[in-house]
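K.L.:
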Amino acid sequence: MSAASSPQQQAAAKSSRVCLNCRRKKKRCDKALPSCGRCTYSLQVCQHEDDLGLPVGAGALGPIHFESFMSQGGLPVRTYTPVLEQFQLLPSHPNPRWSLLNPSLFASMDSTEDIHSFACRCLPDILGHRQAIEHVVASYFGGVNTWFTILERSTFSTDVEAMWETPSAETAVLLVCMRLIVRAPADNAAVAGMGDSLYLAAKTMLSLVQSKVPLSIPLLQAELIVAMYEYSHSMPQQAYMTVGRCFQITKAFGWHYEPFWSEERQSLAPAHLKLCSILWWAVVYIDCLVHVSYQDQKYPMHTANLHWDFTIPFPESLDQYLPGSSVFGLGQASSAASASSLSLDVDIDSIDGMIWPEATSAWYLSSVLQQLSGTAPPTQTDRNMLSGAITAHTINVMSGNWKRGDRTAAVGTNFIALMKINQPGLLSPNSGTTTPSSTATAIITTTAAPPTDTDRRPVDTIRSVISSIYSSALNSSSAASSDQQQQEPRLRAGAVAPCGAFSMYYASLLLISHGGGVLRDPEWLAKVEGFVGALEALAKRWRIAERYVESIRVALGSRLGVMQM
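In terms of our numbering, the sequence shown opens at residue 17 and continues consecutively.
(1) Report the rounded CA-to-CA distance for Arg39 versus Cys45, giving the unit in angstroms.
(2) Residues in the same chain with beta-carbon distance under 6 Å from Ser155, minus the five sequence neighbours each way, listed in chain order, please.
(3) Identify whether Lys30 lies in helix, strand or coil by the three-state DSSP scheme.
(4) Tell me, which residues are paired with Ala48 by DSSP?
(5) Is it buried or exposed, Trp163, if we count other Cβ atoms within 10 angstroms and call 16 or more buried?
(6) From Ala523 to Ile485, what does the alpha carbon distance come to, in whole angstroms?
(7) Is the CB-CB distance between Lys290 and Ile367 below 7 Å?
(8) For Arg506, I'd like the list of residues in its chain whose CB is within less than 7 Å of its CB, leaving aside the five on either flank, ordered along the chain.
(9) Give the straight-line distance between the Cα atoms of Ser354 and Pro140, rounded to the nearest whole angstrom.
(10) In angstroms, rounded to a whole number, what distance separates the CA positions of Pro373 and Leu295?
(11) Below 8 Å on the Cβ atoms is my contact criterion, and I expect Ser250 with Arg559 to pass it. Report the Cβ-Cβ distance as a whole number of Å.
(12) Is it buried or exposed for Trp277, if we count other Cβ within 10 angstroms and need 16 for buried?
(13) Based on Cα-Cα distance, which residue from Leu235, Gly441, Leu576 and Glu274 lies nearest to Ala218?
(14) Got a sec? Which residues, its chain only, sit under 7 Å from Ala425 by beta carbon, not counting five neighbours each side?
(15) Just to confirm my understanding: we take Arg557, look at its own chain, exclude 5 residues before and 5 after, and list those with CB closer than 6 Å. What are they?
(16) So the alpha helix (DSSP H) Tyr522 belongs to, where does it begin and stop?
(17) Please name the residue, chosen from Val413, Asn412, Ser403 and Met414, that lies closest to Met435 on a Cα-to-Cα basis.
(18) For the alpha helix (DSSP H) that Tyr215 lies in, which residues bound it at each end?
(19) Which residues in the same chain as Thr410 place their Cβ atom closer than 7 Å to its Cβ, once the five residues preceding and following it in sequence are excluded?
(20) DSSP three-state call for Cys62: helix, strand or coil?
(21) Within 10 angstroms of the Cβ of Tyr301, are there 16 or more other Cβ atoms? Answer buried if so, exposed if not.
(22) To which residues of the same chain is Trp180 closer than 8 Å at the C-beta, ignoring the five residues directly before and after it?
(23) So, under 8 Å CB-CB, Ile432 and Ser519 are touching, yes? Tell me the CB distance rounded to an integer number of Å.
(24) May I ask which residues mark the beginning and end of the alpha helix (DSSP H) holding Tyr301?
(25) Looking at the secondary structure, which residues open and close the alpha helix (DSSP H) in which His132 lies?
(26) Could you tell me the alpha carbon to alpha carbon distance between Tyr256 and Tyr310, rounded to whole angstroms?
(27) Please report the distance separating the alpha-carbon of Ala509 from that of Asn37.
(28) Nearest to Glu274 by CA position, among Ile328, Ser487 and Met317, is which residue?
(29) Taking all protein chains shown into account, do 16 or more other C-beta atoms lie within 10 angstroms of the C-beta of Met401, making it buried, or fewer, making it exposed?
(30) Leu554 and Ala561 - do their beta-carbons sit closer together than 7 Å?
(31) Roughly how many angstroms lie between the CA atoms of Val176 and Thr187, to the nearest whole one?
(32) In terms of residue numbering, what span does the alpha helix (DSSP H) encompassing Asn400 cover?
(33) Check whether the Cβ atoms of Cys10 and Ala135 sit closer than 7 Å, and answer yes or no.
(34) For the alpha helix (DSSP H) that contains His151, what are its first and last residues?
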């Protein structure tokens, strides 16, 4: 008989005792090692009293040693919490990135615990004590909410106070998402591996809450905040997917159907419909920015070509049904506020006083992008009419008396739309220029003749827009400027909208390709360098600016190389 088939070897393949699982369940055990057949089938850890060194008759289970179990070829363990706890104790990671994550987020939830208690129990691990949570709320409404006004502060503050008595998963996940976007990149530098732990915590917690509670307005608001974070920190794929979820949520709410917005419902529930309008146009706003700002990714717009027979009303159109609200549009409100020295956003904390000009800006940018991508390009007359309307809206916003901010999101978005709609006008037969590349890898410009009177309107508009963008960028990036001293705290607080990064980037491309030609700007090179400096400053708050700095340098190097040939 060979050694391989000796009785001693066969006996060594079995344990001397039944496993603890089979004994507890009073089942027959084949005593196979490293795992009996029943434990292998049921994906359980097969353990024996003699293996654990327990005295005979001891019924308590000892701790599971993952290393030894895995080395025996056992099946993966389903419990992840101990693994994450071990990660936090590894000496090779003195500053573990998992410290912001509650390990229970990745473990199976106790079926006896409701999602609201679970979500609120995770808050201290992610945000800290109650004072820290209140600081997050104040930081959000003093920064991002001044231009991305999608939360009603009075209602949310009431919800937070109620959360301490009655746990709310929706309020808890909103707080985590707010903390995510109010934090500057310097607070959590990029790390290897899975990266930003707070971002992972927000996404994980949002997914858990959505799997347990019905769709609601707070969940849509949380998704919008995450989408804005992903857009502004150079995460286009994630932003595209998040905006898609937002779009589907609005469809589930019935917002894509005209009866939802009937005049009867507007008069019966104006406050609710005004908030719904704000959130819809917030979806359109981010959708347009993701599409236009990451053109090399070629992500289509979710909100384009809907072929509806109606238009979702703008938020201010619901004010006529709200007591204490302005009953006229932004232009009249700006004139009235300027004459009386009143702020347009003096009562922004309540739905009655919430004003969001970015909704109109989103509609204009969406219209421009859809016109330019259509099968039939718009005529010069159509472009001039749309450009004039956008210009009027921009003037109304800039001339308004704003207490909480300067509406950089609306102005920056309008500047993008104006450059986009007028850029084809730079390619008149007399210009001899080429279209600026979206990737800015090779731009060639020839000397152009002065435009004719019929071509001058797009040229003059783009000149004016670039001049306005450059003036703002110069004031914000110049160390000797008083505006720069005021800008830095606003930038750290998140009160400067990230869409300004693309407006400076696109203005730079137009100057590089047309500055020495049809735009006839002798200082185009200095302006491009000024935009680079402003983008470097903006990158300290919004990472999207980093990608544009490198792209501009590549385009500028290509342009200067052509000029030297």
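Glycine included, C-beta positions come from ideal geometry on N, C-alpha and C.
P.N.:
For this structure:
(1) Along the sequence shown, read from residue 1 onward, the residue named residue 39 stands at position 23. Along the sequence shown, read from residue 1 onward, the residue named residue 45 stands at position 29. A straight line joining the alpha-carbon of Arg39 with that of Cys45 spans about 8 Å.
(2) On the sequence shown, residue 155 is found 139 positions in, with the first residue counted as 1. The residues are Val198.
(3) Taking the first residue of the sequence shown as 1, we reach residue 30 at position 14. Taken through DSSP and simplified to helix, strand or coil, Lys30 comes out as strand.
(4) Your numbering for residue 48 matches position 32 in the sequence shown. DSSP lists Lys30 as partners of Ala48.
(5) The residue given as residue 163 occupies position 147 in the sequence shown. By the 10 Å Cβ count, Trp163 comes out buried.
(6) Position 507 of the sequence shown holds residue 523. Position 469 of the sequence shown holds residue 485. Distance from the CA atom of Ala523 to the CA atom of Ile485, rounded to whole angstroms, is 8 Å.
(7) The residue given as residue 290 occupies position 274 in the sequence shown. The residue given as residue 367 occupies position 351 in the sequence shown. Contact: yes.
(8) Here the question's residue 506 lines up with position 490 in the sequence shown. Counting only Cβ-Cβ distances below 7 Å, and skipping sequence neighbours, we find Val512.
(9) Translated into positions along the sequence shown, residue 354 becomes position 338. Translated into positions along the sequence shown, residue 140 becomes position 124. A caution first: Ser354 carries a pLDDT of 47, below 50, which makes its placement in the model unreliable, though a value can still be read off. Using only the alpha carbons, I get a separation of about 45 Å.
(10) Counting from 1 along the sequence shown, the entry for residue 373 is found at position 357. Counting from 1 along the sequence shown, the entry for residue 295 is found at position 279. If you take the alpha carbons of Pro373 and Leu295, they lie about 13 Å apart.
(11) For this step, residue 250 is matched to residue 234 along the sequence shown. For this step, residue 559 is matched to residue 543 along the sequence shown. Between Ser250 and Arg559 a beta carbon distance of about 5 Å is seen, short of the 8 Å cut, so the two are scored as contacting.
(12) Indexing the sequence shown from 1 puts residue 277 at position 261. Buried.
(13) One-based indexing of the sequence shown puts residue 218 at position 202. Ranking Leu235, Gly441, Leu576 and Glu274 by Cα distance to Ala218 puts Leu235 first.
(14) Position 409 of the sequence shown holds residue 425. For Ala425, the CB contacts under 7 Å within the same chain, skipping 5 residues up- and downstream, are Trp163, Phe164, Glu374, Ala513 and Cys515 in chain order.
(15) In the sequence shown, the residue the question calls residue 557 occupies position 541. Same-chain partners within the cutoff: Ala200 and Leu507.
(16) On the sequence shown, position 506 is the one that residue 522 refers to. Taken as a continuous stretch (DSSP letters only), the alpha helix (DSSP H) holding Tyr522 covers Cys515 to His530.
(17) Counting from 1 along the sequence shown, the entry for residue 435 is found at position 419. Just measuring C-alpha positions, the residue of Val413, Asn412, Ser403 and Met414 sitting nearest Met435 is Ser403.
(18) Residue numbering aside, residue 215 sits at position 199 when the sequence shown is read from its first letter. Annotation for Tyr215: the continuous alpha helix (DSSP H) segment containing it runs Ser213 to Gln226.
(19) For the purposes of this step, residue 410 is taken as the residue at position 394 of the sequence shown. Here the set comprises Val427 and Asn430.
(20) Looking up residue 62 in the sequence shown gives position 46. In the three-state DSSP reduction, Cys62 falls in the coil class, being neither helix nor strand.
(21) By 1-based counting over the sequence shown, the position of residue 301 is 285. Buried, because 16 or more other Cβ atoms sit within 10 Å of the Cβ of Tyr301.
(22) Reading the sequence shown from its first residue, position 164 is the one you call residue 180. Correct list, in chain order: Arg146.
(23) Along the sequence shown, read from residue 1 onward, the residue named residue 432 stands at position 416. Along the sequence shown, read from residue 1 onward, the residue named residue 519 stands at position 503. Right, their Cβ atoms sit about 5 Å apart.
(24) For the purposes of this step, residue 301 is taken as residue 285 along the sequence shown, with counting starting at 1. Its alpha helix (DSSP H) spans residues Pro286 to Ser309.
(25) Residue 132 sits at position 116 when you count from the first residue of the sequence shown. Where His132 is concerned, the enclosing alpha helix (DSSP H) stretches over Ile131 to Ile142.
(26) Your numbering for residue 256 matches position 240 in the sequence shown. Your numbering for residue 310 matches position 294 in the sequence shown. Their Cα atoms are separated by approximately 10 Å.
(27) Translated into positions along the sequence shown, residue 509 becomes position 493. Translated into positions along the sequence shown, residue 37 becomes position 21. Their Cα atoms are separated by approximately 57 Å.
(28) Sequence index remark: in the sequence shown, residue 274 carries index 258 (1-based). Per the Cα distances, Ile328.
(29) Position 385 of the sequence shown holds residue 401. By the 16-neighbour rule on beta-carbons within 10 angstroms, Met401 is exposed.
(30) On the sequence shown, position 545 is the one that residue 561 refers to. On the sequence shown, position 538 is the one that residue 554 refers to. Yes, the pair counts as a contact, with Cβ atoms nearer than the cut-off.
(31) Numbered from 1 along the sequence shown, position 160 holds the residue referred to as residue 176. Numbered from 1 along the sequence shown, position 171 holds the residue referred to as residue 187. Spanning the two alpha carbons is a distance of roughly 7 Å.
(32) For the purposes of this step, residue 400 is taken as the residue at position 384 of the sequence shown. Unbroken alpha helix (DSSP H) run through Asn400: Gln396 to Ser415.
(33) Lying outside 17 to 581, the shown extent of the chain, residue 10 is not represented and no answer is given.
(34) By 1-based counting over the sequence shown, the position of residue 151 is 135. His151 -> alpha helix (DSSP H) spans Arg146 to Gly158.
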